[in-house]
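Before any comments, here is the structure.
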Amino acid sequence: PPPVRLQGHSTETALLAVSEQLHTARAELGVSGSALSLLSSYLDGRTYRVTWRGSVSEPCPLTAGVPQGSVLGPLLFSLYTNSLGAVIRSHGFSYHSYADDTQLILSFPHSDTQVAVRISACLTDISQWMSAHHLKINPDKTELLLFPGKDFLTQDVTVNFDNSHNAHFDC
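Each residue of the sequence shown is one higher than the one before, counting from 13 in the numbering used here.
Now the structure itself:
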């Protein structure tokens, strides 16, 4: 069958820009020498092919992402997203990350009337960070869990992020 040539297309699973990841590792995490060479050899020179309706494309250079199911994939993703923590902490949140899931944690007094504004601002900054790093928040998988204390007053909360998504919660 004739080859199908696809240029300029990427998938949402292409998570890492190789040059950015290596620059981040070198500058922020102190990875250098043989460790940096190992990572470079692992990521550089990869290609992909697309099979569609019985036709196979010619090899195309793969300049983003890590091999899915690879042993180093989760570690490299963690290295790549390491600077997201500073964005989250700048809003007074704690966080926990595992693979590509991140939980934000915010403790606040029941009298805090600006909590929705604080959450929205944090989510907007996270969304901007992700966009700059070629990632995307999935609004369908974004949840707000609230564990109120005894003195918490019931209130309506609207959380906005990325100027295009909002959610309304009855607390």
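C-beta: ideal position from N, C-alpha, C; glycine also.
Given the structure is predicted, the values throughout are model-derived calculations rather than measurements.
| Check | Outcome |
| --- | --- |
| What do you reckon, are the CB atoms on I117 and S109 nearer than 8 angstroms? | no |
| Look at the Cβ atom of H103, then the Cβ atom of R61, and state whether they are nearer than 8 angstroms. | no |
| So the beta strand (DSSP E) Q115 belongs to, where does it begin and stop? | D113 to I117 |
| Expressed to the nearest angstrom, what Euclidean distance is found between the alpha-carbon atoms of S139 and T170? | 17 angstroms |
| With a threshold of 16 other CB atoms inside 10 Å of the CB of S132, please say whether the residue is buried or exposed. | buried |
| Give me whichever residues DSSP pairs with T63 in a beta bridge. | V68 |
| Just the Cα atoms here: how many angstroms apart are L156 and H146? | 24 angstroms |
| Grab me the residues of A111's own chain with a C-beta within less than 6 angstroms of its C-beta, minus the 5 sequence neighbours each way, in chain order. | P86 |
| In terms of residue numbering, what span does the alpha helix (DSSP H) encompassing Q143 cover? | Checking the displayed sequence, the identity of residue 143 turns out to be Ser instead of Gln. Here the alpha helix (DSSP H) through S143 covers V127 to A144. |
| Can you tell me where the beta strand (DSSP E) holding S106 begins and where it ends? | S106 to Y110 |
| Compare the C-alpha of P121 against each of W141, L158 and K148 and name the closest. | L158 |
| If the criterion is Cβ atoms closer than 8 angstroms, does the pair T59 and L74 meet it? | yes |
| Beta-carbon within less than 7 angstroms of W141's beta-carbon, same chain only, minus the 5 sequence neighbours each way: which residues are those? | L96 and V99 |
| With distances taken from CA atoms, which of D163, Y54 and N172 is nearest P151? | N172 |
| Output the boundary residues of the alpha helix (DSSP H) element that contains G45. | G45 to L55 |
| Between which two residues does the alpha helix (DSSP H) containing V99 stretch? | L96 to R101 |
| Could you check what DSSP says for F89 in three-state terms: helix, strand or coil? | helix |
| Taking just the CA atoms, how far does V83 sit from P57? | According to the sequence provided, residue 57 is Gly. The question's Pro does not apply to it. Each residue's alpha carbon lies about 18 angstroms from the other. |
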